[in-house]
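First residue of the sequence shown: 128, per the working numbering; consecutive thereafter.
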Amino acid sequence: MHATVRKLLITLPVALVLASSAWAQTTAIEGDVKGVDGKGLAGANIKIVRTDIKANYKVKTDKKGHFYYGGLALGTYNITLEVEGMDVDQVSGYRSTLGDPKPVNFDMKEIQARNGAGAAAGGAGGGAAPAAEPERGMSAAQKAEYEKKKKEEAAAMAKNKELNDAFNAAREAQTAKNYNAAIEAFTKASVLDPNQHVVWGNMADSYAARAATETGDASAADYTKAAESYQKAIVIKPDDAAYHNNYALVLAKNKKFDEAQAELTKSAQLDPQQAGKYYFNLGAVYVNTGQNDPATEAFKKAIELDPMYSEAYYQLGLTLFAKATTTADGKIVPPAGTADAFQKYLELAPTGPNVDSAKAMLEAIGSKVETTFQKPGQKAPATKKK
Numbered sequence: 128m129h130a131t132v133r134k135l136l137i138t139l140p141v142a143l144v145l146a147s148s149a150w151a152q153t154t155a156i157e158g159d160v161k162g163v164d165g166k167g168l169a170g171a172n173i174k175i176v177r178t179d180i181k182a183n184y185k186v187k188t189d190k191k192g193h194f195y196y197g198g199l200a201l202g203t204y205n206i207t208l209e210v211e212g213m214d215v216d217q218v219s220g221y222r223s224t225l226g227d228p229k230p231v232n233f234d235m236k237e238i239q240a241r242n243g244a245g246a247a248a249g250g251a252g253g254g255a256a257p258a259a260e261p262e263r264g265m266s267a268a269q270k271a272e273y274e275k276k277k278k279e280e281a282a283a284m285a286k287n288k289e290l291n292d293a294f295n296a297a298r299e300a301q302t303a304k305n306y307n308a309a310i311e312a313f314t315k316a317s318v319l320d321p322n323q324h325v326v327w328g329n330m331a332d333s334y335a336a337r338a339a340t341e342t343g344d345a346s347a348a349d350y351t352k353a354a355e356s357y358q359k360a361i362v363i364k365p366d367d368a369a370y371h372n373n374y375a376l377v378l379a380k381n382k383k384f385d386e387a388q389a390e391l392t393k394s395a396q397l398d399p400q401q402a403g404k405y406y407f408n409l410g411a412v413y414v415n416t417g418q419n420d421p422a423t424e425a426f427k428k429a430i431e432l433d434p435m436y437s438e439a440y441y442q443l444g445l446t447l448f449a450k451a452t453t454t455a456d457g458k459i460v461p462p463a464g465t466a467d468a469f470q471k472y473l474e475l476a477p478t479g480p481n482v483d484s485a486k487a488m489l490e491a492i493g494s495k496v497e498t499t500f501q502k503p504g505q506k507a508p509a510t511k512k513k
């Protein structure tokens with residue numbers, strides 16, 4: 128058998144694909160507030176509350192009624208308009224995106240029409256909303272309760288700011304691959320609020336990333352810490368496919384292959400659009416544990432779900448090739464579909480990392496290596512008539 132082919136058939140670990148997030152990137156929230164006269168309402172408070180990890184922000188509209196708050200992490204927010212000390216309208220579940228933000232606008236005339244003419248406060252004109260005096264007319268007991276509530280809200284906002292600052296510092300360190308600092312900051316955030324799944328998920332990512340740079344007991348200990356952190360994230364948010372996928376990768380590192388397979392199956396069920404990636408990982412786990420037949424089926428499933436997944440074709444070709452037989456005269460006879468898988472890989476990834484390997488496999492089975500490929504939908508070149 129060809130020397131290169133023998134080398135390729137040695138069981139080598141297949142790299143699994145980490146499901147990453149975009150928490151490090153920032154965005155902004157902006158919009159306009161109109162008074163009942165249609166002019167910009169100045170001095171109105173816009174309260175921005177992040178819901179996927181607790182964080183509160185506040186900004187006032189300018190003299191034209193416009194507001195802008197930048198430097199926000201990608202996430203989900205509730206945006207509340209406060210006029211004269213009263214919350215008059217809210218946009219809930221706003222999901223921030225990269226690029227130009229989708230404007231969040233408020234119109235006092237529409238708000239009053241929706242809630243009743245007297246329900247919405249202030250905003251008759253376009254100037255600044257007058258300061259409210261909520262304590263006027265309150266009894267001593269009511270004032271005491273009001274002051275208590277104000278102190279509680281201030282304390283909550285201070286704690287939320289501390290949490291958000293710790294989280295953002297951790298993400299910056301994580302992006303810079305300073306995993307020691309990232310883990311320290313994520314740990315601080317987890318103490319401030321242990322119910323934030325994004326804290327545990329990112330902490331797990333940092334432990335796993337640091338483990339990959341280590342060896343021996345240090346690496347094993349960090350993979351164990353990563354697994355524990357993913358478990359905590361999953362308890363809080365069990366429907367997050369990425370957590371299950373990344374937890375599976377750590378389980379595989381810890382040689383808990385049955386558990387890893389179960390987690391990857393969950394990922395595919397939870398996120399069908401990314402299921403091709405999760406089935407590829409499942410196939411990789413099977414390959415790395417010497418289970419060739421189920422690996423073949425997993426890679427076929429990955430291709431079925433994502434027909435452009437080049438690496439899945441290459442791995443499918445390898446698992447099929449492993450089932451090849453050899454005739455008495457030394458000819459290699461692979462199962463049907465082997466050559467097609469390698470040819471498809473070369474078509475999709477002509478400069479990919481496994482091009483030479485795929486070509487060696489095709490040559491070993493006596494299959495012609497295609498050097499040009501036709502784009503989908505492209506007409507074949509016309510042939511000259513003799």
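Beta carbons: idealized from backbone N, C-alpha and C, even for Gly.
{"query": "Is A485 closer than 8 Å to K473 when the C-beta atoms are compared?", "result": "Before going on, a small fix: residue 473 reads as Leu here, not Lys. Their beta carbons are under 8 Å apart, which means L473 touches A485 by this criterion."}
{"query": "For the alpha helix (DSSP H) holding L489, just list the boundary residues, first then last.", "result": "482-491"}
{"query": "Relative to the alpha-carbon of T154, which residue among T178, L208, N322, K229 has its alpha-carbon at the smallest distance?", "result": "K229"}
{"query": "I need the straight-line Cα distance from Q301 to A316, nearest angstrom please.", "result": "14 Å"}
{"query": "Given this structure, state the Cα-to-Cα distance separating Y334 from Y306, to the nearest angstrom.", "result": "7 Å"}
{"query": "Which runs of the beta strand (DSSP E) fall wholly inside the segment 315-376 and span at least 3 residues, in chain order?", "result": "none"}
{"query": "Go ahead and label Y195 buried or exposed: buried means 16 or more other beta carbons lie within 10 angstroms of its beta carbon, across all protein chains shown.", "result": "exposed"}
{"query": "If you drop the 5 nearest sequence neighbours on each side, which residues of the same chain put their C-beta closer than 6 Å to that of F469?", "result": "G444, A485, M488, L489"}
{"query": "Who are the Cβ neighbours of A149 in its own chain at under 7 Å, not counting the five residues just before and after it?", "result": "Reliability fails at A149, whose pLDDT of 36 lies under 50, so the model's placement of it is uncertain and no value is given."}
{"query": "Considering just the uninterrupted stretch of the alpha helix (DSSP H) at E474, what are its terminal residues?", "result": "465-475"}
{"query": "In or out: E390 buried (at least 16 other Cβ within 10 Å) or exposed?", "result": "buried"}
{"query": "Using only the alpha-carbon positions, how far apart do Q269 and K277 sit?", "result": "12 Å"}
{"query": "Do Y357 and V326 count as a contact pair if the criterion is CB distance below 8 Å?", "result": "no"}
{"query": "Smallest Cα separation from T203: which of K190, K187, A182?", "result": "A182"}
{"query": "CB-CB under 6 Å to A476, same chain, minus the five flanking residues each way: which ones, in chain order?", "result": "S437"}
{"query": "G162 by DSSP, collapsed to three states: which one?", "result": "coil"}
{"query": "At the level of alpha carbons, what is the spacing between R222 and F384?", "result": "36 Å"}
{"query": "Between the Cα of I206 and the Cα atoms of T454, T188, R177, K191, which residue gives the shortest distance?", "result": "R177"}
{"query": "Hey, D398 and A368 are a contact pair by Cβ (cut 8 Å); roughly how many whole angstroms apart?", "result": "4 Å"}
{"query": "Among G212, V231, K161, K174, which one has its Cα closest to the Cα of K190?", "result": "K161"}
{"query": "On the three-state DSSP scale, how would you describe Q418?", "result": "coil"}
{"query": "Pick from S346, A466, I363, G212: whose alpha carbon is nearest that of A171?", "result": "G212"}
{"query": "Quick check on DSSP: helix, strand or coil for S223?", "result": "coil"}
{"query": "Starting from the Cα of G417, find the closest Cα among K382, Y440, T392, M435 and give me that residue.", "result": "K382"}
{"query": "Let me make sure I understand the geometry here. Which of E424, K428, A331, G328 has the alpha-carbon closest to that of Q401?", "result": "K428"}
{"query": "Is it true that the CB of T423 sits closer than 8 Å to the CB of L447?", "result": "yes"}
{"query": "Could you tell me how far apart the beta carbons of N372 and Y405 are, in whole angstroms, since I believe they sit closer than 8 Å?", "result": "6 Å"}
{"query": "Answer with buried or exposed for K242, where buried requires no fewer than 16 other C-beta atoms within 10 angstroms of its C-beta.", "result": "Sequence check: residue 242 is Asn here, not Lys. The residue in question, N242, is exposed, as its Cβ has fewer than 16 Cβ neighbours within 10 Å."}
{"query": "Quick check: what's the CA-CA separation for V414 versus L199?", "result": "42 Å"}
{"query": "As a quick exercise: from E157, G167, K166, pick the residue whose alpha carbon is nearest that of V186.", "result": "E157"}
{"query": "For V412, does the three-state DSSP call read helix, strand or coil?", "result": "helix"}
{"query": "Ordered along the chain, which non-local residues of its own chain (more than five positions away) have a Cβ less than 6 Å from that of P462?", "result": "L447, K450"}
{"query": "Relative to the alpha-carbon of E289, which residue among A271, V318, E272 has its alpha-carbon at the smallest distance?", "result": "V318"}
{"query": "Report the rounded CA-to-CA distance for A345 versus F313, giving the unit in angstroms.", "result": "19 Å"}
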